[in-house]
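Undergrad:
Residue numbers (the working numbering), protein chains in the order written: chain A, 1 to 350; chain B, 1 to 265.
(1) By how many angstroms is the C-alpha of residue 13(B) removed from the C-alpha of residue 207(B)?
(2) Here's a check: name, in chain order, each residue in its chain whose Cβ is nearer than 7 Å to the Cβ of residue 286(A), leaving out the five neighbours to either side.
(3) With a threshold of 7 Å (Cβ to nearest heavy atom), would residue 59(B) be considered close to the ligand MG?
(4) When you compare the CB positions of residue 192(B) and residue 143(B), do they come within less than 8 Å of one another, or not?
(5) Can you list the residues of chain A that residue 8(B) reaches, using a CB-CB cut of under 8 Å?
(6) To the nearest angstrom, how far is it from the Cα of residue 267(A) to the Cα of residue 150(A)?
(7) In whole angstroms, what is the alpha-carbon distance linking residue 179(B) and residue 181(A)?
(8) Quick check on the DSSP output: what are the complete alpha helix (DSSP H) runs of length 4 or more inside the stretch 168-212 of chain A, in order along the chain?
(9) Taking beta-carbon pairs under 7 Å, can you tell me which members of the stretch 42-74 of chain B lie near chain A?
(10) Exposed or buried, what is residue 67(A) when buried is set at 16 or more other beta-carbons lying within 10 Å of its beta-carbon?
(11) Reducing DSSP to helix, strand and coil, say where residue 253(B) ends up.
(12) So, under 8 Å CB-CB, residue 167(A) and residue 22(B) are touching, yes? Tell me the CB distance rounded to an integer number of Å.
(13) Give the straight-line distance between the Cα atoms of residue 219(B) and residue 11(B), rounded to the nearest whole angstrom.
(14) According to the neighbour-count rule (16 or more other Cβ atoms, all chains shown, within 10 Å of its Cβ), is residue 314(A) buried or exposed?
(15) Could you compute how far the alpha carbon of residue 245(A) sits from the alpha carbon of residue 236(A)?
(16) Taking the alpha carbon of residue 133(B) as the reference point, which residue from 80(A), 274(A), 254(A), 60(A) has its own alpha carbon closest?
(17) State the Cα-Cα distance for the pair residue 251(B) and residue 183(B), rounded to the nearest angstrom.
(18) Thinking just about the alpha-carbon of each residue, which of 274(A), 229(A), 220(A), 78(A) is nearest to the one in residue 338(A)?
(19) To the nearest angstrom, how far is it from the Cα of residue 169(B) to the Cα of residue 99(B)?
(20) Quick one: is residue 6(B) buried, meaning 16 or more other Cβ sit within 10 Å of its Cβ, or exposed?
(21) Taking any Cβ of chain B, which residues in the stretch 103-130 of chain A have a Cβ under 7 Å from it, in chain order?
(22) Using a C-beta cutoff of 8 Å, does residue 237(A) count as contacting chain B?
(23) What is the DSSP secondary structure of residue 76(A), counted as helix, strand or coil?
(24) Along the stretch 101-115 of chain B, where does the CB come closer than 9 Å to a CB of chain A? Name the residues.
(25) Jot down the residue ranges of each uninterrupted beta strand (DSSP E) in the stretch 16-87 of chain B, minimum 3 residues, whole runs only, in chain order.
(26) Closest Cβ-Cβ distance between residue 258(B) and chain A: below 8 Å?
(27) Which chain A residues are close to residue 230(B), counting only those with a beta carbon under 8 Å from its beta carbon?
(28) Sorted by chain position, which residues of the same chain lie with C-beta nearer than 8 Å to residue 174(A)'s C-beta, five sequence neighbours on each side aside?
(29) Taking the alpha carbon of residue 207(A) as the point to measure from, which residue in 191(A), 222(A), 220(A) has its own alpha carbon closest?
(30) Do the CB positions of residue 311(B) and residue 231(B) come within less than 8 Å of each other?
(31) Compare the C-alpha of residue 65(A) against each of 19(B), 113(B), 90(B), 106(B) and name the closest.
(32) At least one CB of chain B closer than 8 Å to the CB of residue 10(A): is that the case?
(33) With the cut-off set at 8 Å, would you say residue 265(A) and residue 251(A) are in Cβ contact?
(34) Do we get a CB-CB distance below 8 Å when we pair residue 84(B) with the residues of chain A?
(35) Tell me, to the nearest whole angstrom, how far the beta carbon of residue 135(B) is from that of residue 201(B); I am working on the premise that it is less than 8 Å.
(36) How would you label residue 50(B), buried or exposed, when you count the other beta carbons within 10 angstroms and need 16 or more for buried?
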């Protein structure tokens, strides 16, 4: 769920450097006694030998499931829940234009893909917009304060989608949440006297008597943004902590106001990481499931919900579910490639 | 102007903590509904969750078993991959690391669907070992990343010293590399542990309703709405996460793991 961007996995220092001659002035104080070579040592020698086995394990556990989804997506559904292997594109046709195309066109699943993309895009932009000032503030604090913040953010980041939805469900419930707060404070009555209440009702955000946020697009986007907010802070934090304070001080001493410093010194340096963060959060949110089932209107459900319905739920059509999963996968992979391209650009610009 | 930053930080704490605090408070409800503030406060829900209600005790047991075993397995698998990458940096080593990171960076629902097919073809669908293997694969990227950071942080002069004094690769590994990377190994283990604990969607496809973890059990009971007993589960999980990450912060360098600049303190 959390942090690492793919590029983090090959840190520059991991690549072998030409061995430097040890400086004689620096005695190997901290080196433990290592003088007696013992050839029968277990350890990395063996690790080297076992590489084919390791490759097979990783292939079976990490790569094969994706290959299977692709293979099943080309299969042919039969009566009931049965299906057979095949090389048919009919499942993809059903995702994009419907089963009876070209006689009739159904945009049902295309619309679901649209909602997947829309929720994820909106929520990731909202999350980054709110995370930026916080990441900025944290990066200026002492190492100790930073660590406390990181523990707090990581703990809330790793919190299961199930619990997050539970919390927001209470916060938005009619009896003890925000609608209650609106009612008790008299805000609901005040709103009813204005045209705003009618507008809210048209938007589906109010019942005749109360404001109502479940189920709605804004709540879905808000909770999704909440899900990735800590992730956004953690993604922006390295880029912001690397900004040289001397540059800002120089700008300040030359008379630039804080707003100008932000615009001319900080933002140009972090534009690419900002965009990259949005893309990574977007990929993460493409997989959101519980939020959508609880807080989105059934007519505005996402592809993840219909993938579940096809593979496990009511409709039971494994090849069709697999085809939808592949479509989601392609969307995610595209965003990831764009993100890694941006990361490379940022690396070159530094 | 001075006040804006602290105020914004306080607002963020409130925003992040509000749903969590509300869930924690709801666990105290005496009745069956999730009210806030809690009505008729009692600790009876805690007894239900930990002792009397078998659905929850069994789910908690499964969660703990799967999280611990899968995190250990992920760390064990990540070691040779990260070591190979650091040692050789060869295209093969990079390909292995890339393969290991794949499940984590792509949408988990796709991985879950694929694993569902894979385990049903091999007849393991709905078995605990399949669940453990699935989570190990899903979270392999975490120890892989912390170990890569840790290996890159090893002082080069120690390695040179070991080499000039004639240490074999094995001895160097045991006396220099392993001790210096223990904090990063543990960090990776705890990251994988916490995320496995909280993971939902992959387990949803892999368990095939044969068994439930706590998050799964909560989702399965959602048809009847949230209940205060579930909220106890949430409290347990939050405390476990805070504890695990505090351990990581205590014994490892959290800002460094998160990619902060090392030159400034």
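Where a beta carbon is used, it is the ideal one built from N, C-alpha and C, also for glycine.
TA: In short:
(1) 36 Å
(2) 116, 120, 328, 331, 332
(3) The ligand MG is not part of the structure shown, which contains no ligands of any sort.
(4) yes
(5) 133, 134, 137
(6) 23 Å
(7) 55 Å
(8) 178-184, 187-192, 195-202
(9) none
(10) exposed
(11) coil
(12) 5 Å
(13) 30 Å
(14) exposed
(15) 17 Å
(16) 60(A)
(17) 6 Å
(18) 274(A)
(19) 26 Å
(20) exposed
(21) none
(22) yes
(23) strand
(24) 101, 102, 103, 104, 105, 106, 107, 108, 109, 110, 111, 112, 113, 114, 115
(25) none
(26) yes
(27) 166
(28) 180, 210, 212
(29) 191(A)
(30) Coverage of chain B is limited to positions 1 through 265, which leaves residue 311(B) absent and any answer about it impossible.
(31) 113(B)
(32) Summary for residue 10(A): the model assigns pLDDT 35, below 50, so the residue's position carries little reliability, and this model does not support an answer.
(33) yes
(34) yes
(35) About 12 Å separates the two Cβ atoms, so there is no contact after all.
(36) exposed
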